[in-house]
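Participant: A single structure is presented below for examination.
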Amino acid sequence: MPEYATLTRAVNETLGRINGSLGEPGWVPIHYVTSTYSRAVLAGLYQLARVSLVTPMRDGMNLVSKEYVAAQDPQDPGVLILSKFARAAEELSHALIVIPNDKFEVAEAIQHALHTSQEERVARWQAMLKVLWASDVSRWAAAFVDDLVGNKTSRARRKMVLGKKESDNR
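Numbering-wise (the working numbering), the sequence shown opens with residue 68 and increments by one.
So this is what it looks like as structure tokens:
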């Protein structure tokens, strides 16, 4: 896809400029990772990250944000910045919620995340972890089935109402 190649090039150029101007020998502010890692390595990377920026314009479950929360050090957790359009934002409301295409709002959230006290980070993390523990896969599956049954019931009601209306018009 040409659009993807253009976007990749633009991202790499921007990262190069930022890391080149703000980085120091042996340290850069942004580590852009495109490789696949084992779960253990990924959990370690999540735990080392002071901030996780998850900013989709739209998505489904967004497990990355939940994995980040689950992997945190309880004594010194990082801060999750999450798009308001991520479905996970409904559950992880203690993240810093942003509109992803508002660059000023995202920049302010990053600034806030980098200066959040340990006490606030721990409180936010504990609240999000509590949500994760309460919403395991069994509960998700049960809610999904309930939604399906609810939709089926709604369709049956619509057919019944429409059927009555059609017969009234005869």
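Ideal placement from N, C-alpha and C gives every residue a C-beta, glycine not left out.
Could you round the C-beta distance between T101 and P167 to whole angstroms and report it? I think they count as a contact, below 8 Å.
Facilitator: In fact, because the Cβ distance is near 19 Å, the residues do not count as touching under 8 Å.
Participant: Rounding to the nearest angstrom, what Cα-Cα distance links V204 and E186 in this structure?
Facilitator: Roughly 30 Å between the two C-alpha positions.
Participant: Please state whether DSSP places S119 in a helix, a strand or coil.
Facilitator: Shown here, S119 sits in a strand according to DSSP, grouped into three states.
Participant: List the endpoints of the continuous beta strand (DSSP E) containing L159.
Facilitator: Segment: none, L159 is in no beta strand (DSSP E) and carries neither H nor E.
Participant: Could you spell out where the beta strand (DSSP E) holding I148 opens and where it closes?
Facilitator: V146 to S150
Participant: For V118 and L181, which I take to be in contact (beta-carbon distance under 8 Å), what is that distance rounded to the nearest angstrom?
Facilitator: Correct: roughly 7 Å between the Cβ atoms.
Participant: Ignore the nearest five residues each way along the sequence and tell me which others in V173's own chain have a CB closer than 6 Å to its CB.
Facilitator: Excluding positions up to five away in sequence, the list reads V165.
Participant: Figure out for me which residue from V78, A208 and S150 has the closest Cα to the Cα of L120.
Facilitator: With distances taken between Cα atoms, L120 lies closest to S150.
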